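Top line first, the protein sequences correspond to chains A and B.
At position 69 of the first sequence (counting the first as 1) the number is 340 in the numbering used here, and the numbers step up by one without a gap.
At position 70 of the second sequence (counting the first as 1) the number is 676 in the numbering used here, and the numbers step up by one without a gap.
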Amino acid sequence: MEAIQDQFQAIVDGFIDFKGQKLAEQITTYTLSVSAILAFLIGFATQNIVYTLYVGLAGTGLTFLAVVPPWPVYNQAPVKFLSASGNKSAGGGVIIVDGQEVKVKT
Amino acid sequence: MHSSLVRLQQVFGFLTTVSFALGTLIALTSYLYPMTPTASIKVRDIAVVKRRSGGYYSTRQNEYAKIKFDLNADFDSLYNWNTKQIYVWISTSYGGDRYPTNEMIIWDKIIDKTALSKKITLKNEPAKYNVHDITGAYANRNATLKLSWNVQPHVGVLMWGSASDSVTESFMWPSEKARAAV
Chain A
272 MEAIQDQFQA IVDGFIDFKG QKLAEQITTY TLSVSAILAF LIGFATQNIV
322 YTLYVGLAGT GLTFLAVVPP WPVYNQAPVK FLSASGNKSA GGGVIIVDGQ
372 EVKVKT
Chain B
607 MHSSLVRLQQ VFGFLTTVSF ALGTLIALTS YLYPMTPTAS IKVRDIAVVK
657 RRSGGYYSTR QNEYAKIKFD LNADFDSLYN WNTKQIYVWI STSYGGDRYP
707 TNEMIIWDKI IDKTALSKKI TLKNEPAKYN VHDITGAYAN RNATLKLSWN
757 VQPHVGVLMW GSASDSVTES FMWPSEKARA AV
């Protein structure tokens, strides 16, 4: 039961990693802006404002679809947490940063 | 942008900004199109009749003007991609001693952008509204008819104007029940 709950929670949360967040923000900015410009140009060229509305709505729908769900492309670089086994001795720990050991004072 | 809800809000927030910019751009294009409708009005018949104005319970009487006119108008230049509909009306204006500025609408029409023709030809058309003067009597004053227009766009501000070539020659409100052909 708890497993199902967790799964459901994960779908609702839709967490993505840091690089995915940057990508999602860029996609939002570019697709919305470009679809607005396209909508204006198409409507103006055909002298029909209804086309502006439809192109704008299509671009908006596409943006929501592309950005809101946690697509796998937004989870390519998950943050790696340090393992708990890094603690060799009680009180003092060894932390590895960029392959080098770092001593931590306690 | 870490969770679905935050991304939903972020996209919607930027959407409002983009929509506002797009709307502003569309509204500004309205000024690219010169609005020069032409109209000519010819007064066919003017009559003034006395009627009770307060309903069946009132004995107060007012002079009502009944006007018939010809109209030849072309509103094509008012329609661009941002025009939803236009409102055109013919008003009569005249002076006076106690109330020096009088203007009353005697006929009007809404023309949707889907209307097949943006030209209007009316022959011997009776006024839609039989109007009366604020004092209750027209007292042989001189008046003119004029056509004005109002453009209602999809996005942007209302635009107003009048067809300057539509102003008729001045005519005199006749005495009650005396018909005058102009």
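Glycine included, C-beta positions come from ideal geometry on N, C-alpha and C.
All values reported here derive from a predicted model rather than from experimental measurement.
With burial defined as no fewer than 16 other Cβ atoms inside 10 Å of the residue's Cβ, what is the status of residue i: buried or exposed?
i      : result
A:S306 : buried
B:I717 : buried
B:A645 : buried
A:K374 : exposed
B:Y685 : buried
A:I282 : exposed
B:A787 : Its pLDDT being 46, under 50, B:A787 is placed unreliably in this model, and the value from its coordinates should be taken loosely. Exposed, since its Cβ has fewer than 16 Cβ neighbours within 10 Å.
A:Y345 : buried
B:W713 : buried
B:V624 : buried
A:A316 : exposed
B:F626 : exposed
B:W779 : buried
A:I366 : exposed
A:G314 : buried
A:T331 : buried
B:V654 : buried
B:T630 : exposed
B:T720 : exposed
According to DSSP, which residues form a beta bridge with residue i?
i      : result
B:E709 : B:S699
B:T644 : B:D680
B:M778 : B:N748
B:L728 : B:L677
B:N736 : B:N736 is not bridged to any residue.
A:Y301 : Per DSSP, none; premise fails for A:Y301.
B:I716 : B:Y693
B:N668 : B:R657
A:E296 : Bridge partners of A:E296: none, in fact.
At the level of alpha carbons, what is the spacing between residue i and residue j?
i      : j      : result
B:S772 : B:T689 : 22 Å
A:Q297 : B:F620 : 12 Å
A:A329 : A:D288 : 27 Å
B:A745 : B:R658 : 18 Å
B:K752 : A:L333 : 51 Å
B:G749 : A:I320 : Strictly speaking, residue 749 of chain B in this sequence is Ala, with Gly absent from that position. Distance between the alpha carbons of B:A749 and A:I320: 42 Å.
B:K725 : B:V694 : 12 Å
B:V617 : A:A295 : 10 Å
B:L611 : A:V326 : 25 Å
B:F777 : B:Y670 : 16 Å
B:S737 : B:R704 : Ser is not the amino acid found at residue 737 of chain B; the sequence shown has Val there. Their Cα atoms are separated by approximately 18 Å.
A:L353 : B:H760 : 58 Å
B:R666 : B:T727 : 38 Å
B:M710 : A:I308 : 45 Å
B:K729 : B:W755 : 20 Å
B:T774 : B:I647 : 6 Å
B:I692 : B:T642 : 13 Å
A:A274 : A:G370 : 36 Å
B:T741 : B:Y663 : 20 Å
Assuming residue i and residue j are in contact, meaning their beta carbons sit under 8 Å apart, how far apart are those beta carbons, in whole angstroms?
i      : j      : result
A:T302 : A:F311 : The Cβ separation is near 15 Å, so there is no contact.
B:R613 : A:V338 : 5 Å
B:F675 : B:E731 : 6 Å
B:H608 : A:F335 : Not a contact, Cβ separation roughly 17 Å.
B:S683 : B:P640 : 7 Å
B:W687 : A:Q280 : B:W687 to A:Q280, Cβ: 48 Å. No contact.
A:A348 : A:K293 : So it is not a contact: roughly 10 Å between Cβ atoms.
Using CA coordinates, which residue listed in the options is at the minimum distance from residue i?
i      : options                           : result
B:N758 : B:T774, B:V624 and B:S636         : One detail in the question is off: residue 758 of chain B reads as Gln in this sequence, not Asn. Looking at the Cα atoms, B:S636 is the closest of the given residues.
B:L634 : B:E669, B:S625, B:A769 and B:G762 : B:G762
B:N678 : B:L764, B:A769 and B:D739         : B:A769
B:G702 : B:T720, B:L722, B:D739 and B:Q615 : B:D739
B:Y735 : B:N708, B:Q615 and B:K672         : B:K672
B:R650 : B:N708, B:A733 and B:T622         : B:A733
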